[in-house]
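Peer 1: Under my numbering, the first residue of the sequence shown is numbered 4, with each subsequent residue one higher.
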Amino acid sequence: MYLSLDYGNRYIGIAATDSDGRIPYRYGVIDQKNQDPFNVLAEIIAKEHVTHILVGVPISLDGNETEQTHKTLEFIEKLRAVVDPDIDIEGVDETLTSIEAQQVLRHEGGDPKQEHSEAARLILSDYLKTVA
Numbered sequence: 004m005y006l007s008l009d010y011g012n013r014y015i016g017i018a019a020t021d022s023d024g025r026i027p028y029r030y031g032v033i034d035q036k037n038q039d040p041f042n043v044l045a046e047i048i049a050k051e052h053v054t055h056i057l058v059g060v061p062i063s064l065d066g067n068e069t070e071q072t073h074k075t076l077e078f079i080e081k082l083r084a085v086v087d088p089d090i091d092i093e094g095v096d097e098t099l100t101s102i103e104a105q106q107v108l109r110h111e112g113g114d115p116k117q118e119h120s121e122a123a124r125l126i127l128s129d130y131l132k133t134v135a
């Protein structure tokens, strides 16, 4: 099963695939102000039998790294240190997923609080197209 993360300074959006690893869906959001993200992710990984984690890495539109790029890469390294080494963790491009997530939620009349998990779902959906 795949898990996808949209890492932000406060919120981490989560998406996952169905048991066949084909259909991505919004899983939830971690509020880092109120929850330890590594404890929450460890519980999800165990519960859902996650084998592969994608983390969206922001790159500026001109192709350069940003301050958030570096924070996200640090998060990935911390995540690697706390999860089973057999779980594959991969950073993937998340360019414009937040904007697209906002548009999707506006179109469907969804809760704006789901923006982060929708961005994670979009990251996962794009990734699955490349491995299909």
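We put the CB at the ideal spot given by N, CA and C, even for glycine.
Give me the Cβ distance between isoleucine 126 and serine 7, rounded to the nearest whole Å; I'm assuming they're in contact under 8 Å.
Peer 2: Looking up residue 126 in the sequence shown gives position 123. Looking up residue 7 in the sequence shown gives position 4. Contact holds; Cβ gap of about 5 Å.
Peer 1: Apart from the five residues just before and just after lysine 2, which ones in its own chain have a Cβ nearer than 8 Å to its Cβ?
Peer 2: This structure does not reach residue 2, given that the chain is present from 4 up to 135, and the question cannot be answered.
Peer 1: Proline 27: buried (16+ other C-beta within 10 angstroms of its C-beta) or exposed?
Peer 2: Position 24 of the sequence shown holds residue 27. Label assigned to proline 27: buried.
Peer 1: Would you check if the segment 37-46 and the segment 58-65 touch, i.e. whether three or more CB-CB distances between them fall below 8 Å?
Peer 2: No, they do not touch.
Peer 1: Which stretch, first to last residue, makes up the beta strand (DSSP E) that contains threonine 20?
Peer 2: The residue you call residue 20 lines up with position 17 of the sequence shown. 14-20 is the span of the beta strand (DSSP E), which, as asked, contains threonine 20.
Peer 1: Quick one: residues in its chain with C-beta nearer than 8 Å to the C-beta of glutamate 77, no 5 flanking neighbours on either side, listed in chain order?
Peer 2: As a first step, residue 77 must be located in the sequence shown, where it is residue number 74. Nothing meets the Cβ criterion.
Peer 1: Between Val95, Tyr10 and Gln106, which lies nearest to threonine 133 when the distance is taken from Cα to Cα?
Peer 2: As a first step, residue 133 must be located in the sequence shown, where it is residue number 130. Nearest option by C-alpha distance: Val95.
Peer 1: Taking the alpha-carbon of valine 85 as reference, which of Ile48, Asn67, Thr98 and Glu68 has the nearest alpha-carbon?
Peer 2: Translated into the one-based positions of the sequence shown, residue 85 becomes position 82. Ranking the options by Cα distance to valine 85, first place goes to Ile48.
Peer 1: Can arginine 25 and serine 120 be called in contact, C-beta distance under 7 Å?
Peer 2: Working through the sequence shown from its first residue, we reach residue 25 at position 22. Working through the sequence shown from its first residue, we reach residue 120 at position 117. Not a contact, by the Cβ cut-off of 7 Å.
Peer 1: Since leucine 57 and glutamate 93 should fall inside the 8 Å C-beta cutoff, what is the C-beta to C-beta distance between them, to a whole number of angstroms?
Peer 2: On the sequence shown, position 54 is the one that residue 57 refers to. On the sequence shown, position 90 is the one that residue 93 refers to. Contact holds; Cβ gap of about 5 Å.
Peer 1: Straight-line CA distance for valine 53 to asparagine 67?
Peer 2: By one-based count along the sequence shown, residue 53 stands at place 50. By one-based count along the sequence shown, residue 67 stands at place 64. Looking at the two C-alpha atoms, the distance is approximately 31 Å.
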